[in-house]
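S.K.: What follows is a structure written as structure tokens; I'll ask about it next.
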Amino acid sequence: MLGKLIKYEMKSQGFMYAGIYIVVMILSIVTFGAYKINTAMGGNPVFSTIYRFAVAGAVIALIVMFIITLVMSILRYRNNLLKDEGYLMHTLPVSAASLHFSKMIASIIWFAADFIVLMLSIGFITGDLKYSWIKKLKMFMSAETDGTATGMVISGITGTVVAITVLYIIISIISALSTFYVCLDLGSLSYSSKGIMAFVWYIILYFVGQILSLIGLVILCIIMYGGNFMEVMQMPQSDAATIDFVKGTFIMAGIISVILIIVYNFISIYILDRKLNLE
Numbered sequence: 003m004l005g006k007l008i009k010y011e012m013k014s015q016g017f018m019y020a021g022i023y024i025v026v027m028i029l030s031i032v033t034f035g036a037y038k039i040n041t042a043m044g045g046n047p048v049f050s051t052i053y054r055f056a057v058a059g060a061v062i063a064l065i066v067m068f069i070i071t072l073v074m075s076i077l078r079y080r081n082n083l084l085k086d087e088g089y090l091m092h093t094l095p096v097s098a099a100s101l102h103f104s105k106m107i108a109s110i111i112w113f114a115a116d117f118i119v120l121m122l123s124i125g126f127i128t129g130d131l132k133y134s135w136i137k138k139l140k141m142f143m144s145a146e147t148d149g150t151a152t153g154m155v156i157s158g159i160t161g162t163v164v165a166i167t168v169l170y171i172i173i174s175i176i177s178a179l180s181t182f183y184v185c186l187d188l189g190s191l192s193y194s195s196k197g198i199m200a201f202v203w204y205i206i207l208y209f210v211g212q213i214l215s216l217i218g219l220v221i222l223c224i225i226m227y228g229g230n231f232m233e234v235m236q237m238p239q240s241d242a243a244t245i246d247f248v249k250g251t252f253i254m255a256g257i258i259s260v261i262l263i264i265v266y267n268f269i270s271i272y273i274l275d276r277k278l279n280l281e
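Letter by letter, the sequence shown follows residues 3 to 281 of the working numbering.
Here it is, written out as structure tokens:
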């Protein structure tokens, strides 16, 4: 049943997202055309200006695309599960967990689609459809060190770090959705001013997250430096230590995010299943 719910979510929003992606790609292709014309004209001021405006329009469209995806993820959850449509959705022979995760998974899929469109757009905007910049970046990251501090930093940026960064981005998206959803669920428990209460809960959970991050940083310092915070302050003197600390920070932040994701989703499902208030 979860698969059917996800399919319904994707289908109900497919037309809108298709329109957004078409607009973004058209602007990107127009930018590519402006780039080619500007290059052919030898950097003529008029065509250079047109090219700059085209780039600005394409970049703005990409930013708006991600904003719309986030806003729609929040509105779909709120309108389908916590407002009048919720009366129908909650009569379906499916669990509260399925309803909850169908919204989240569908949103994650749309964010993944946004990223694919982003990569395609970058190819058109930069006029580099072969994405040679990826190869150059890879060469830069695998550059041999020359014994200098910069070389040591470059050598520390390995494929593992890139993988951790990508994983952290994915976790951050899931964490953001989980936070927004639980705030809406907690806000729905109020019999008035549900929107305001959801915002209040967001502020509360934001500070909770910051406190946990600070605690995690302290724990990391204790693990890596035995609580010697003076060594942490002197860390920039050692590039290798800096890289290790940055890796540790990413890992600790990821662990905290995963814990919060589990807790937030548990609360959301519990409210949808036991404490739902659609009044």
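C-beta: ideal position from N, C-alpha, C; glycine also.
Taking 7 Å as the cut-off, decide whether the C-beta atoms of GLY250 and LEU222 are in contact.
M.R.: Going by C-beta atoms, GLY250 is nearer than 7 Å to LEU222.
S.K.: Here's the rule I'm using: 16 or more other beta-carbon atoms within 10 Å means buried, otherwise exposed. How should VAL25 be labelled?
M.R.: It is exposed - the Cβ of VAL25 has fewer than 16 other Cβ atoms within 10 Å.
S.K.: Tell me which same chain residues have a C-beta within less than 8 Å of the C-beta of ASP116, skipping the five on either side of it?
M.R.: Excluding sequence neighbours, ASP116 sits near MET67, PHE68, THR71.
S.K.: Return the CA-CA distance between ALA151 and MET226, expressed in angstroms with no decimal places.
M.R.: Unreliable placement is indicated for ALA151, whose pLDDT of 46 sits below 50; no coordinate value is reported for it.
S.K.: Is there contact between the region 11-30 and the region 50-61, where contact requires at least three CB pairs shorter than 8 Å?
M.R.: With a cut-off of 8 Å, the region 50-61 and the region 11-30 count as touching, because enough Cβ pairs lie within range.
S.K.: Run through DSSP, which three-state label would THR147 get?
M.R.: The pLDDT assigned to THR147 is 44, lower than 50, so where the model puts this residue is not dependable; a value taken from the coordinates is nonetheless given after this. Of the three classes helix, strand and coil, the one that applies to THR147 here is coil, per DSSP.
S.K.: Restricting to Cα atoms, I'd like to know which of ILE264, SER109, THR33, VAL260 is closest to SER14.
M.R.: With distances taken between Cα atoms, SER14 lies closest to SER109.
S.K.: Smallest Cα separation from MET106: which of GLY44, LEU120, ILE118, ILE176?
M.R.: Nearest of GLY44, LEU120, ILE118, ILE176 to MET106, Cα basis: ILE176.
S.K.: Give, in chain order, every unbroken run of the alpha helix (DSSP H) that is at least 4 residues long and sits entirely within the region 60-97.
M.R.: Taking only runs of at least 4 residues, the alpha helix (DSSP H) segments lying wholly in the region 60-97 are 87-91.
S.K.: State buried or exposed for LEU216, treating a residue as buried only when at least 16 other CB atoms are found within 10 Å of its CB.
M.R.: Looking at its Cβ environment, which holds fewer than 16 other Cβ atoms inside 10 Å, LEU216 is exposed.
S.K.: Going by DSSP in three states, MET27 sits in which element: helix, strand or coil?
M.R.: Helix.
S.K.: For LEU7 versus SER100, is the C-beta distance shorter than 7 Å?
M.R.: It is a contact, given that the beta carbons lie within the stated cut-off.
S.K.: Tell me which residues share the same chain as ILE111 and place their Cβ nearer than 7 Å to its Cβ, disregarding the 5 neighbours each side in the sequence.
M.R.: Here the set comprises MET12.
S.K.: Considering Cα atoms alone, identify which of ILE124, LEU4, ILE173 is closest to LEU262.
M.R.: Considering only alpha carbons, the answer is ILE173.
S.K.: Answer yes or no: do TYR37 and GLY125 have a C-beta to C-beta separation smaller than 7 Å?
M.R.: Against a cut-off of 7 Å, the Cβ pair of GLY125 and TYR37 comes out as no contact.
S.K.: Taking the alpha-carbon positions, what's the ASN46 to GLY35 distance?
M.R.: When rounded, the distance between both Cα atoms is 15 Å.
S.K.: On a Cα-Cα basis, can you pick out the residue from TYR133, ALA255, LEU94 that is closest to GLN212?
M.R.: Minimum Cα distance to GLN212 is reached at ALA255.
S.K.: Out of ILE118, ARG276, ILE253, which has the shortest C-alpha to C-alpha gap to THR167?
M.R.: Selected option, being the one with the closest Cα: ILE253.
S.K.: Using 7 Å as the threshold, is the C-beta distance between SER75 and LEU4 below it?
M.R.: The answer is no: Cβ separation not under 7 Å.
S.K.: In chain order, what residues of the same chain have a beta carbon less than 6 Å from the beta carbon of LEU188, not counting five sequence neighbours either side?
M.R.: If we look at LEU188 and ignore the five residues flanking it on each side, its Cβ neighbours are TRP203.
S.K.: Which same chain residues end up closer than 6 Å to GLY22 when comparing Cβ atoms and leaving out the 5 residues on each side of it in sequence?
M.R.: Strictly speaking, residue 22 in this sequence is Ile, with Gly absent from that position. Closer than 6 Å at Cβ, skipping near neighbours: MET67.
S.K.: Is the Cβ-Cβ distance between SER270 and VAL210 less than 7 Å?
M.R.: Their beta carbons are not under 7 Å apart, which means SER270 does not touch VAL210 by this criterion.
S.K.: Pick out whichever of LEU186, ILE205, TYR53, ILE171 has its Cα sitting closest to the Cα of GLY197.
M.R.: When only C-alpha atoms are compared, the closest one is LEU186.
S.K.: According to the Cβ coordinates, are SER190 and LEU84 closer than 7 Å?
M.R.: Yes, Cβ-Cβ distance for SER190 and LEU84 is below 7 Å.
S.K.: Within a Cβ cutoff of 7 Å, which residues of the same chain sit near ALA98, ignoring the five residues on either side of it in sequence?
M.R.: Once the five neighbours on either side are set aside, the close Cβ partners of ALA98 are ILE271, LEU274, ASP275.
S.K.: From the DSSP output, in three-state form, read off LYS249 for me.
M.R.: Reduced to three states, the DSSP call for LYS249 is helix.
S.K.: Return the CA-CA distance between LEU120 and LEU64, expressed in angstroms with no decimal places.
M.R.: So the alpha carbons of these two residues sit roughly 7 Å apart.
S.K.: With distance defined between alpha-carbon atoms, name the residue in PHE49, ARG78, SER50, ILE39 nearest to PHE182.
M.R.: It is ARG78 whose Cα lies nearest to the Cα of PHE182.
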